[in-house]
Amino acid sequence: MGEQTPFESPGAATLYERLWTRHVVAGDPNGRALLYIDRHLLHEVSTPQSFELLRANDLSVRRPATNLAVPDHAVPTRNRALPLPPGLARDQVDLLRRNCGEFGIELLDLDDVRQGIVHVISPEQGFTLPGITLVCGDSHTATHGAFGALAFGIGASECGTVMAAQCLWQTRAKTMQVRFDGKLDDNVTTKDLILALIGQIGAAGATGYAIEFTGDAIASASMEARMSLCNMAIEAGSRTGLIAPDDTTFEYLAERPRAPKGKDWDAALAYWKTLKSDAGAHFDKTVVIDASEIAPHVSWGTSPDQVAPIDTALPSPAAGSRDAKAQDYMGLEPGKPLLGTQIDFAFIGSCTNGRIEDLRKAAGIVKGHKVAPHVQAIVVPGSGQVKALAEAEGLDRVFTEAGFEWHSAGCSLCVAMNGDTVPTGKRSASTSNRNFEGRQGPGARTHLASPATVAASAIAGHLADPRKTS
Amino acid sequence: MKPFDTLAAKAISLPDDDVDTDIIYPARFLLITSRDGLGEYAFADRVAGGDTRIGAGTGAPILIAGRNFGCGSSREHAVWAIADLGVRAIFATSFGEIFRGNCANNGIVAGVVTEDVAETLHAAAQAGDRIEVDLVGRTVACSAGTFAFSIGEAERESLLNGWNETTRILALHEQQIARFEKRQRVAEPWLWANETEQEITENV
Ligand code: SF4
């Protein structure tokens, strides 16, 4: 393959191929492409070594304005009015501040209402746009694919490369279409759809593929719901989850602070409307799921593909198998129903489900009820703006009156490196995206579920079906 | 980066499937901002749970892993920690994609082998066999035979030469990048709003 011509797409192309071709700067004989990267998000945890790479090679940041930084992973979500206590987290946030200052990168700092989880704040600010390439040293960067952006997670070294060169060598993925036909049941969400998909194809089922989500259930979904879905593409092994932009996308973006304005908006819109897969486009693989048949899903193991509809029984795996080991870690008995499994923690938040619509949904179920006395329940808005909006709508009171804690924005219990943690052996119903061993604290046991399911479970005190609560 | 030449050494067998980067490098150690000495925290929770197969002090230059090794979080710390244990080559039937890319950027060979070969290599590692890695020929050998492994051609070339991807892109492609930018400025001006020509630094 020689040098490819940018700004031209072949005949019948998928959205992924279209975005890819548009960003090719150069090709190499090994079939890779040097892709131009339009936007880069930074957080405190994955970039200290990236800036070191710049220093070690005496490089500067090529286009500072294409970078946006925010602390989210390590920051405590309690007592945020106070300065961070001395320690590694404060040092790390200070380092991000210094690095951004030195290299001319904009930082949304802890006292800024726009601060929050990278994947929540970027769309909120209109930093994420259709048609762009966007990277971040974070595997959940696929979230931004909900806007029709080619977005993928990278390592810290690559973050340094992007800052210096605005480009990355990439190998083109195969394409997979995942079509969700039909309409979702009440209190069943796109979180349940993605868990069902991962359960079906496996944690490595989409490795090497870029997924495009299509179908009625996607067309009728809000941007928040689409982001929850694309967010977890990586849990099926895919770095990229895409949805073609449509009126829902454009409405979401209009008037966002960093979205194009005036004449630019019109020109952008005209281009964005071309961003879809052609009718005759070839996908290397297609998976079809009837969304109307999907029940709320809950994970029962230590990999996101160990998941089942909430109204079914746990599998009875062979002794010594991967599933048996997972059930052992989780303290679960084979064959028992998932419903009714007692929980100790309930967590509503993260870049999967910490957006305003998630909080509205959960509050709707919580309203007028109390959290079971043995459950510690917390709500962590995905950003300062989500928090402010929720407070303006009175959602914080619905949660606190029910017995939930109401935190400031951050990753919190999704990653348990910020002071929020589930103790060893305790069981958590969580709206986050990973049920890995130790993810919510050493020895913690995580059940992934939707905000509706977690809210219903917090009140019941055990894993509960949200379809039967409200 | 040090070029990768041949490697003949003992190997660790870790046949578990879906070993994610949270297992390799638990999140709470991500507060550390250096990339050196991270082997101390490698597999920390597994080690604390009594797993003696891998972790600080148990290094061997080759690691034979299970399916989907390094899935999950993009944290490069997982690779730095493994590198700090002395690992220079990992073989598995599949890898998490971001992890695999991170390996190449840190001089580690991440080779994909078939189920059968994986089984043979696990047995060899457990028997204390020496395993030989030939990156030029893309083969891995033990007393049971010599087997092919696959690795991206570009990764292979980069590993063999010890290239620094960043400076290499800048040295070879600066003009193409500038040309691309010029065209995008016209085609998609909204991506360049408020950014003047002077604001672009040419790292050459
Ligand atoms: S909320 Fe969780 S998954 Fe999302 S960016 Fe933070 S740590 Fe990563």
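Chains as they are written, first to last, in my numbering: chain X, 1061 to 1530; chain L, 890 to 1093. We put the beta carbon where it would ideally sit given N, CA and C, even for glycine.
Selection from the options that minimises the alpha carbon distance to residue i
{"i": "L1473 of chain X", "options": "X:R1499, X:R1082 and X:I1192", "result": "X:R1499"}
{"i": "R956 of chain L", "options": "L:E1044, L:E1008 and L:A1033", "result": "L:E1008"}
{"i": "I1097 of chain X", "options": "X:I1177, X:P1183, X:C1196 and X:Y1076", "result": "X:C1196"}
{"i": "D1198 of chain X", "options": "L:G961, L:F980, L:A1014 and L:G1000", "result": "L:G961"}
{"i": "T982 of chain L", "options": "L:A898, L:N991, L:L1080 and L:P904", "result": "L:P904"}
{"i": "F1407 of chain X", "options": "X:F1459, X:A1256 and X:H1342", "result": "X:F1459"}
{"i": "V1022 of chain L", "options": "L:G946, L:I1040 and L:R989", "result": "L:I1040"}
{"i": "V1514 of chain X", "options": "X:K1251, X:T1074, X:G1503 and X:G1340", "result": "X:K1251"}
{"i": "A1116 of chain X", "options": "X:P1145, X:G1208, X:L1102 and X:T1221", "result": "X:T1221"}
{"i": "T1481 of chain X", "options": "X:F1464, X:A1469 and X:R1505", "result": "X:R1505"}
{"i": "G1485 of chain X", "options": "X:P1397, X:D1388, X:I1519 and X:E1295", "result": "X:D1388"}
{"i": "S902 of chain L", "options": "L:R1019, L:N1050 and L:I1066", "result": "L:R1019"}
{"i": "S1523 of chain X", "options": "X:V1435, X:I1271 and X:A1281", "result": "What sits at residue 1523 of chain X in the sequence shown is Leu, not Ser. Nearest C-alpha to L1523 of chain X: X:V1435."}
{"i": "R1239 of chain X", "options": "X:C1219, X:T1201, X:L1289 and X:H1200", "result": "X:L1289"}
{"i": "E1353 of chain X", "options": "X:E1284, X:L1257, X:A1263 and X:D1326", "result": "X:L1257"}
{"i": "A1516 of chain X", "options": "X:V1431, X:L1079, X:D1344 and X:L1302", "result": "X:V1431"}
{"i": "Q1065 of chain L", "options": "X:A1225, X:L1244, X:K1243 and X:D1245", "result": "X:A1225"}
{"i": "P1433 of chain X", "options": "X:F1343, X:A1129, X:L1156 and X:A1520", "result": "X:A1520"}
{"i": "H1103 of chain X", "options": "X:L1114, X:V1130, X:G1087 and X:L1079", "result": "X:V1130"}
Local conformation of residue i per DSSP, three classes
{"i": "Q1127 of chain X", "result": "For the sequence presented, residue 1127 of chain X should be read as Asn rather than Gln. If DSSP states are grouped into helix, strand and coil, N1127 of chain X belongs with the strands."}
{"i": "I1058 of chain L", "result": "helix"}
{"i": "D1307 of chain X", "result": "helix"}
{"i": "G1161 of chain X", "result": "helix"}
{"i": "C1031 of chain L", "result": "strand"}
{"i": "E1284 of chain X", "result": "helix"}
{"i": "W1052 of chain L", "result": "coil"}
{"i": "M1223 of chain X", "result": "helix"}
{"i": "R1479 of chain X", "result": "The displayed chain sequence assigns Gly, not Arg, to residue 1479 of chain X. Coil at G1479 of chain X, not helix or strand."}
{"i": "Q1015 of chain L", "result": "helix"}
{"i": "T1346 of chain X", "result": "strand"}
{"i": "L896 of chain L", "result": "strand"}
{"i": "V1001 of chain L", "result": "strand"}
{"i": "I1271 of chain X", "result": "strand"}
{"i": "R1122 of chain X", "result": "coil"}
{"i": "F1036 of chain L", "result": "strand"}
{"i": "G1087 of chain X", "result": "strand"}
{"i": "D909 of chain L", "result": "strand"}
{"i": "R1082 of chain X", "result": "helix"}
{"i": "D1151 of chain X", "result": "helix"}
Within 8 Å, strictly: CB atoms of residue i and residue j
{"i": "T1249 of chain X", "j": "S1492 of chain X", "result": "no"}
{"i": "V1426 of chain X", "j": "A1452 of chain X", "result": "no"}
{"i": "V1367 of chain X", "j": "S1359 of chain X", "result": "yes"}
{"i": "R1487 of chain X", "j": "I1403 of chain X", "result": "yes"}
{"i": "R964 of chain L", "j": "S1106 of chain X", "result": "yes"}
{"i": "F1004 of chain X", "j": "T1362 of chain X", "result": "With chain X running from 1061 to 1530 in the structure shown, residue 1004 of chain X is simply not present."}
{"i": "D934 of chain L", "j": "P915 of chain L", "result": "yes"}
{"i": "L1170 of chain X", "j": "C1160 of chain X", "result": "no"}
{"i": "A1450 of chain X", "j": "I1416 of chain X", "result": "yes"}
{"i": "Y1331 of chain X", "j": "G1205 of chain X", "result": "no"}
{"i": "A931 of chain L", "j": "G946 of chain L", "result": "no"}
{"i": "G990 of chain L", "j": "G1268 of chain X", "result": "no"}
{"i": "G1444 of chain X", "j": "V1173 of chain X", "result": "yes"}
{"i": "G1186 of chain X", "j": "A1304 of chain X", "result": "no"}
{"i": "N1053 of chain L", "j": "A1125 of chain X", "result": "no"}
{"i": "D1118 of chain X", "j": "D1241 of chain X", "result": "no"}
{"i": "E1272 of chain X", "j": "T1235 of chain X", "result": "yes"}
{"i": "L1049 of chain L", "j": "V1029 of chain L", "result": "no"}
{"i": "F1177 of chain X", "j": "G1442 of chain X", "result": "What sits at residue 1177 of chain X in the sequence shown is Ile, not Phe. Yes, Cβ-Cβ distance for I1177 of chain X and G1442 of chain X is below 8 Å."}
{"i": "T1003 of chain L", "j": "G959 of chain L", "result": "no"}
{"i": "I1254 of chain X", "j": "M1292 of chain X", "result": "yes"}
{"i": "H1062 of chain L", "j": "V1085 of chain X", "result": "yes"}
Nearest-angstrom beta carbon gap, residue j and residue i [assumed within contact, 8 Å]
{"i": "R1092 of chain X", "j": "T1231 of chain X", "result": "5 Å"}
{"i": "T1137 of chain X", "j": "H1467 of chain X", "result": "4 Å"}
{"i": "T1203 of chain X", "j": "C1471 of chain X", "result": "With 8 Å as the limit, T1203 of chain X and C1471 of chain X do not qualify as a contact, their Cβ atoms being about 13 Å apart."}
{"i": "R917 of chain L", "j": "A1476 of chain X", "result": "7 Å"}
{"i": "L896 of chain L", "j": "I951 of chain L", "result": "7 Å"}
{"i": "R1316 of chain X", "j": "E986 of chain L", "result": "Between E986 of chain L and R1316 of chain X the Cβ distance is about 30 Å, and since that is not below 8 Å, they are no contact."}
{"i": "H1083 of chain X", "j": "L1075 of chain X", "result": "13 Å between Cβ atoms; not a contact."}
{"i": "A1327 of chain X", "j": "W1079 of chain L", "result": "7 Å"}
9 Å Cβ cut-off: residues of chain A touching residue i
{"i": "S1352 of chain X", "result": "The structure shown contains no chain A; its protein chains are X and L."}
Problem - Length-filtered (4 minimum) alpha helix (DSSP H) runs lying within the stretch 1377-1411 of chain X - result: Segments of the alpha helix (DSSP H) lying fully in the stretch 1377-1411 of chain X: 1382-1390.
Practice task
Please go through the stretch 913-991 of chain L and give each complete beta strand (DSSP E) segment of 3 or more residues, from N-terminal end onward.
Solution key: For secondary structure counted as the beta strand (DSSP E) over 3 or more consecutive residues, the stretch 913-991 of chain L holds these complete runs in sequence order: 951-954 and 978-981.
Handout entry: alpha helix (DSSP H) runs wholly inside the stretch 1410-1466 of chain X, at least 4 long, in chain order
Key = Listed in chain order, the complete alpha helix (DSSP H) runs (minimum 4 residues) inside the stretch 1410-1466 of chain X are 1410-1413, 1416-1426, 1444-1452 and 1455-1462.
Practice task
Output the residue ranges of the alpha helix (DSSP H) runs that lie fully inside the stretch 1187-1266 of chain X and measure 4 residues or longer, sorted by chain position.
Solution key: Within the stretch 1187-1266 of chain X, complete alpha helix (DSSP H) segments of at least 4 residues are found at 1216-1225 and 1250-1261, given in chain order.
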